Amino acid sequence: MPDYFNLDALLTDEERLVQQTVKEFVDREVIPIIEHHARDGTFPLHLVKPMADLGLFGITLPQEYGCAGLNNVCYGLAMQELERGDSGIRSFASVQSSLVMYPIYTYGSEDHRRKWLPRLASGDAIGCFGLTEPDYGSNPGGMVTNAKKTDGGFLLNGAKMWITNGTLADIAVVWAKLDGVVRGFLVEKGMKGFSAPEMKGKHSLRASVTSELVFQDVELPEENVLPGIEGLKGPLSCLTQARYGISWGVIGSAMACYDSSLNYAQSRIQFDRPIAGFQLTQEKLVYMLTEITKAQFLCWRLAHLKDEGTMLPQQVSLAKRNNCEIALNIARMSREIHGANGILDEYPIMRHSANLESVKTYEGTHEMHTLILGQDITGIQAFT
Amino acid sequence: MNVLVCISQVPDTTTKITVSPDGKSMNPQGVKFILNPYDEFAIEEGLRIREKFGGTVTTLTVGGESAKEILRTALAMGSDTAAIIKDEERQDSYIVASSIADVARSISPDVILFGRQSIDFDSFAVPSMVAELLGWPNISMVSSLTIEDHSVTAERDIEGGKETIEATLPCVIAAQKGLNDPRYPKLPDIMKAKSKTISEHPKSSAVRRVNVLDMKLPDTKRLNKIFGESDQELDEVVRLLHEEAKII
Chain A
11 MPDYFNLDAL
21 LTDEERLVQQ
31 TVKEFVDREV
41 IPIIEHHARD
51 GTFPLHLVKP
61 MADLGLFGIT
71 LPQEYGCAGL
81 NNVCYGLAMQ
91 ELERGDSGIR
101 SFASVQSSLV
111 MYPIYTYGSE
121 DHRRKWLPRL
131 ASGDAIGCFG
141 LTEPDYGSNP
151 GGMVTNAKKT
161 DGGFLLNGAK
171 MWITNGTLAD
181 IAVVWAKLDG
191 VVRGFLVEKG
201 MKGFSAPEMK
211 GKHSLRASVT
221 SELVFQDVEL
231 PEENVLPGIE
241 GLKGPLSCLT
251 QARYGISWGV
261 IGSAMACYDS
271 SLNYAQSRIQ
281 FDRPIAGFQL
291 TQEKLVYMLT
301 EITKAQFLCW
311 RLAHLKDEGT
321 MLPQQVSLAK
331 RNNCEIALNI
341 ARMSREIHGA
351 NGILDEYPIM
361 RHSANLESVK
371 TYEGTHEMHT
381 LILGQDITGI
391 QAFT
Chain B
604 MNVLVCISQV
614 PDTTTKITVS
624 PDGKSMNPQG
634 VKFILNPYDE
644 FAIEEGLRIR
654 EKFGGTVTTL
664 TVGGESAKEI
674 LRTALAMGSD
684 TAAIIKDEER
694 QDSYIVASSI
704 ADVARSISPD
714 VILFGRQSID
724 FDSFAVPSMV
734 AELLGWPNIS
744 MVSSLTIEDH
754 SVTAERDIEG
764 GKETIEATLP
774 CVIAAQKGLN
784 DPRYPKLPDI
794 MKAKSKTISE
804 HPKSSAVRRV
814 NVLDMKLPDT
824 KRLNKIFGES
834 DQELDEVVRL
844 LHEEAKII
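Chains A and B, in that order, give the protein sequences. For the first sequence, position 240 (counting from the first letter as 1) is numbered 250 according to the numbering used here, and the numbering increases by one without interruption. For the second sequence, position 193 (counting from the first letter as 1) is numbered 796 according to the numbering used here, and the numbering increases by one without interruption.
1) With burial defined as no fewer than 16 other Cβ atoms inside 10 Å of the residue's Cβ, what is the status of H348 of chain A: buried or exposed?
2) The alpha helix (DSSP H) spanning A337 of chain A covers which residue range?
3) DSSP three-state call for H753 of chain B: helix, strand or coil?
4) Taking just the CA atoms, how far does P245 of chain A sit from G118 of chain A?
5) Out of A:D161, A:R100, A:N332 and A:L188, which has the shortest C-alpha to C-alpha gap to T155 of chain A?
6) Under the DSSP definition of a beta bridge, which residues are partnered with G681 of chain B?
7) What does G86 of chain A touch in chain B if you count any residue whose Cβ is under 9 Å from its own?
8) Can you find a CB in chain A that lies within less than 8 Å of the CB of P640 of chain B?
9) Pop quiz: S97 of chain A and L215 of chain A are said to be a contact at Cβ under 8 Å. What is the actual Cβ separation, rounded to whole angstroms?
10) Decide yes or no for the touch test of the segment 379-389 of chain A against the segment 320-333 of chain A: beta carbon pairs closer than 8 Å, at least 3 of them.
11) So which residues of chain A does G633 of chain B contact, with C-beta pairs closer than 7 Å?
12) Is the segment 245-257 of chain A in contact with the segment 100-114 of chain A, if contact means three or more CB pairs nearer than 8 Å?
13) Taking 8 Å as the CB-CB limit, is D355 of chain A close to chain B?
14) With distance defined between alpha-carbon atoms, name the residue in B:T662, B:E648 and B:L663 nearest to F656 of chain B.
15) In whole angstroms, what separates the C-alpha of F281 of chain A from that of L272 of chain A?
16) With a threshold of 8 Å between beta carbons, is A78 of chain A in contact with chain B?
17) Pull up the CB-CB distance for T662 of chain B and I646 of chain B, whole angstroms please, since I reckon it's below 8 Å.
18) By DSSP, does M378 of chain A sit in helix, in strand, or in coil?
19) Can you list the alpha helix (DSSP H) stretches of 4 or more residues lying completely in the segment 782-828 of chain B, in chain order?
20) Listed from N- to C-terminal order along the chain, which residues in the segment 47-65 of chain A have their beta-carbon within a distance smaller than 7 Å of any beta-carbon of chain B?
21) Any chance the CB of S743 of chain B is under 7 Å from a heavy atom of the ligand MN?
22) Note down, one range per segment and in chain order, each alpha helix (DSSP H) of at least 4 residues found wholly within the segment 243-328 of chain A.
23) Once DSSP output is grouped into helix, strand and coil, what is the label at S669 of chain B?
24) Output, in chain order, the set of chain B residues within a Cβ distance shorter than 7 Å of Q106 of chain A.
25) Measure the Cβ-Cβ separation of S218 of chain A and T174 of chain A and say whether it is below 8 Å.
26) Quick check on this structure: which residue in A:M209, A:K294 and A:L223 has the alpha carbon closest to the alpha carbon of G51 of chain A?
27) Who are the neighbours of D23 of chain A on chain B, taking C-beta pairs under 8 Å?
28) Going by other Cβ atoms of all chains shown within 10 Å of its Cβ, with 16 needed for buried, is G162 of chain A buried or exposed?
29) Please report the distance separating the alpha-carbon of T371 of chain A from that of I776 of chain B.
30) Between which two residues does the beta strand (DSSP E) harbouring A186 of chain A extend?
31) Considering S221 of chain A, what are the terminal residues of the beta strand (DSSP E) in which it resides?
32) Here's the rule I'm using: 16 or more other beta-carbon atoms within 10 Å means buried, otherwise exposed. How should R283 of chain A be labelled?
33) For L55 of chain A, count neighbouring C-beta atoms within 10 Å of its own C-beta (all shown protein chains included) and say buried if the count is 16 or more, exposed if not.
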């Protein structure tokens with residue numbers, strides 16, 4: 011694994027140990043089985059419990075709720091190692107941690123925390139996050155899913171789309187408008203009128219479950235609303251958490267592609283010499299290593315800003331935007347180095363490349379992050 | 604039952620090794636260090652012995668400040684306490700073994716576990732030296748271990764087969780791959796290990812018995828051999844992979 015500027019020396023003992031532990035877990039448990047799942051279009055559900063036992067869900071949340079209580083460098087390194095295995099596995103952990111446990115911890119009542127966090131940390135419950143709708147992706151404020159106040163609760167109607175873990179989930183954090191204001195609701199599996207059919211036909215994130223969430227007159231008890239937040243900043247703050255994890259995660263995909271490329275280039279002989287000896291191949295390998303190294307330091311600094319409490323969402327946009335783009339470029343370049351072999355699932359390249367097409371788009375498209383940064387530096391918004 | 608597990612820090616197997624300008628030592632610059640892989644089996648076995656019989660597991664290493672990292676790993680895996688014999692210099696096996704024996708005398712464990720070898724300098728010497736210094740039995744290359752009352756039955760790997768050995772406690776065991784499947788340290792335990800203290804012990808006053816004269820990297824030139832397809836030649840390939848290359 012590339013560490014050209016010895017970032018390792020900047021890590022603390024426990025940060026290194028977290029990385030080493032998750033790396034070994036991914037090498038032993040994920041990489042040997044993941045191609046098979048990607049081919050069959052199935053999520054390796056048997057990994058949820060071992061991942062939970064390791065402490066991969068809600069890594070930064072306090073130990074009193076069954077979580078690890080580690081810092082954001084540890085969280086980032088864990089995401090990087092998981093995604094070195096597969097973006098779908100990292101997505102599972104991202105959703106569980108950043109999009110479900112984070113809002114319950116940050117905006118939920120103490121009862122919500124006590125009821126859900128230990129179960130989500132131990133993998134006894136799986137969560138999902140419902141924000142995007144069929145007609146509202148980059149523009150979530152236009153959502154049509156809505157809740158109406160009833161005697162003793164709420165009546166929820168609407169539909170969500172592109173929801174990771176939806177079909178598997180025991181608990182959905184669903185964002186819906188109540189009297190025109192976005193609020194967070196906890197919708198539990200089995201509630202009457204709630205269904206979560208899986209979306210099929212994906213060429214990307216094949217080892218991950220993506221679903222629709224359908225709410226037809228779902229009756230929610232009064233206590234199932236998150237009391238601590240109103241407005242779009244609720245879901246957006248969750249996305250900042252998840253985007254942070256993605257910024258680290260995609261470095262893992264890029265590393266996997268780089269490692270495979272370097273290895274292949276050194277052993278593949280054409281014109282009586284390894285293709286690593288040709289200038290055009292070296293240029294590709296150098297691009298990969300350079301961009302991975304830059305991305306590592308971007309994330310390391312971002313982690314420290316996050317731990318200090320000074321991290322800005324725009325900084326996360328910059329990291330997510332940059333790292334997804336370079337990871338996808340690296341995956342495509344890697345395919346070129348591998349030649350025809352690059353399309354076979356004997357190598358991880360095509361799987362990472364196809365996954366990264368989604369990762370570049372989800373949690374804020376490349377274009378939206380460009381506009382967020384554009385607005386921040388010019389003071390002029392160009393969204394509409 | 605009290606267990607002492609002795610572990611060491613070694614260069615990561617994927618690290619590029621270079622020799623220092625003195626021509627006698629490894630250049631530590633840019634080298635990533637890890638827990639010696641065979642020591643993971645020793646730690647795991649120590650934890651299993653404690654889980655079965657009760658008692659405590661103490662993990663010990665000899666090394667510089669940076670070696671504390673592997674003790675944190677052992678603590679995160681479940682070791683009760685950790686100790687370091689502080690020494691920034693690389694010593695010979697005799698000083699290392701004497702230092703470990705001193706600590707062992709002070710804490711009187713029932714079993715001392717090691718990995719079968721440290722994968723850096725491959726001396727295979729410390730476990731047997733410690734046993735000898737303490738006057739205890741020593742069993743090397745252990746791939747299966749049973750402890751009952753005060754007797755120990757161990758299966759050990761020998762060339763092309765297995766051997767079963769019996770000894771009595773206290774004793775020294777060197778773990779071979781296959782002894783167990785080491786657990787992963789859990790992330791919350793990594794956090795908890797951070798706050799545990801690591802006790803420090805002085806190194807032994809024993810005097811060095813061997814000195815390194817020269818160190819060099821192996822010649823990396825490949826010696827290609829081309830074989831035909833007959834059964835006889837395939838047998839020869841298998842034999843060479845086993846006996847010369849030692850990879851099967």
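All C-beta atoms, glycine included, are put in the ideal place defined by N, C-alpha and C. Model, not experiment: these values are computed from the prediction.
Looking at the coordinates:
1) One-based indexing of the first sequence puts residue 348 of chain A at position 338. It is buried - the Cβ of H348 of chain A has at least 16 other Cβ atoms within 10 Å.
2) Taking the first residue of the first sequence as position 1, residue 337 of chain A is located at position 327. P323 to I347 is the span of the alpha helix (DSSP H), which, as asked, contains A337 of chain A.
3) Counting from one through the second sequence, the residue named residue 753 of chain B turns up at place 150. Three-state DSSP puts H753 of chain B in coil, outside helix and strand.
4) Counting from one through the first sequence, the residue named residue 118 of chain A turns up at place 108. Counting from one through the first sequence, the residue named residue 245 of chain A turns up at place 235. Taking the straight line from one Cα to the other gives about 13 Å.
5) In the first sequence, counting from the first residue as 1, residue 155 of chain A sits at position 145. For the residues A:D161, A:R100, A:N332 and A:L188, the minimum Cα distance to T155 of chain A belongs to A:L188.
6) Mapped onto the second sequence, residue 681 of chain B falls at position 78. DSSP lists no partner for G681 of chain B.
7) Residue mapping note: residue 86 of chain A aligns to position 76 of the first sequence, counting from 1. The premise fails here: G86 of chain A is roughly 13 Å from chain B at the closest Cβ pair, so nothing lies under 9 Å.
8) Residue numbering aside, residue 640 of chain B sits at position 37 when the second sequence is read from its first letter. Any Cβ of chain A closer than 8 Å to the Cβ of P640 of chain B would place that residue at the interface, and such an atom is absent.
9) One-based indexing of the first sequence puts residue 97 of chain A at position 87. One-based indexing of the first sequence puts residue 215 of chain A at position 205. The Cβ separation is near 6 Å, so the contact holds.
10) yes
11) Locating residue 633 of chain B in the second sequence gives position 30, where the first residue counts as 1. Among the residues of chain A, those whose CB is under 7 Å from the CB of G633 of chain B are N16, following chain order.
12) Contact between the segment 245-257 of chain A and the segment 100-114 of chain A is present, because at least three Cβ pairs lie under 8 Å.
13) As a first step, residue 355 of chain A is located in the first sequence; it is residue number 345 there, counting from the start. Not an interface residue.
14) In the second sequence, the residue the question calls residue 656 of chain B occupies position 53. The candidate whose alpha carbon is nearest that of F656 of chain B is B:E648.
15) Reading the first sequence from its first residue, position 271 is the one you call residue 281 of chain A. Reading the first sequence from its first residue, position 262 is the one you call residue 272 of chain A. Rounded to whole angstroms, F281 of chain A to L272 of chain A spans 18 Å at the Cα level.
16) Taking the first residue of the first sequence as 1, we reach residue 78 of chain A at position 68. Closer than 8 Å: yes.
17) What you label residue 662 of chain B is simply residue 59 of the second sequence in a count that begins at 1. What you label residue 646 of chain B is simply residue 43 of the second sequence in a count that begins at 1. With a Cβ gap of about 7 Å, T662 of chain B and I646 of chain B count as contacting.
18) Against the first sequence, residue 378 of chain A aligns to sequence position 368. Shown here, M378 of chain A sits in a helix according to DSSP, grouped into three states.
19) 790-797
20) For the segment 47-65 of chain A, which is checked against every Cβ of chain B, the residues closer than 7 Å are D63, L64 and G65.
21) This structure does not include the ligand MN; it has no bound ligands of any sort.
22) 243-277 and 289-318
23) Counted from its first residue, the second sequence places residue 669 of chain B at position 66. Correct three-state label for S669 of chain B: helix.
24) Locating residue 106 of chain A in the first sequence gives position 96, where the first residue counts as 1. Residues of chain B passing the Cβ test: none, with the nearest at roughly 14 Å.
25) On the first sequence, residue 218 of chain A is found 208 positions in, with the first residue counted as 1. On the first sequence, residue 174 of chain A is found 164 positions in, with the first residue counted as 1. Yes.
26) On the first sequence, residue 51 of chain A is found 41 positions in, with the first residue counted as 1. It is A:M209.
27) Within the first sequence, numbered from 1, the residue matching residue 23 of chain A stands at position 13. Going along chain B in sequence order, the residues near D23 of chain A (Cβ under 8 Å) are K671, E672, R675 and K797.
28) Looking up residue 162 of chain A in the first sequence gives position 152. When all chains shown are included, G162 of chain A counts as exposed.
29) Taking the first sequence and counting its residues from 1, the one referred to as residue 371 of chain A is at position 361. Taking the second sequence and counting its residues from 1, the one referred to as residue 776 of chain B is at position 173. In a straight line, the C-alpha of T371 of chain A is about 55 Å away from that of I776 of chain B.
30) Stepping through the first sequence from its first residue, residue 186 of chain A is reached at position 176. It spans I181 to L188 - the beta strand (DSSP E) in which A186 of chain A sits, taken as one unbroken run.
31) In the first sequence, the residue the question calls residue 221 of chain A occupies position 211. From DSSP, the beta strand (DSSP E) with S221 of chain A extends over T220 to P231.
32) Within the first sequence, numbered from 1, the residue matching residue 283 of chain A stands at position 273. It is exposed - the Cβ of R283 of chain A has fewer than 16 other Cβ atoms within 10 Å.
33) Counting from one through the first sequence, the residue named residue 55 of chain A turns up at place 45. Per the 10 Å Cβ criterion, exposed.
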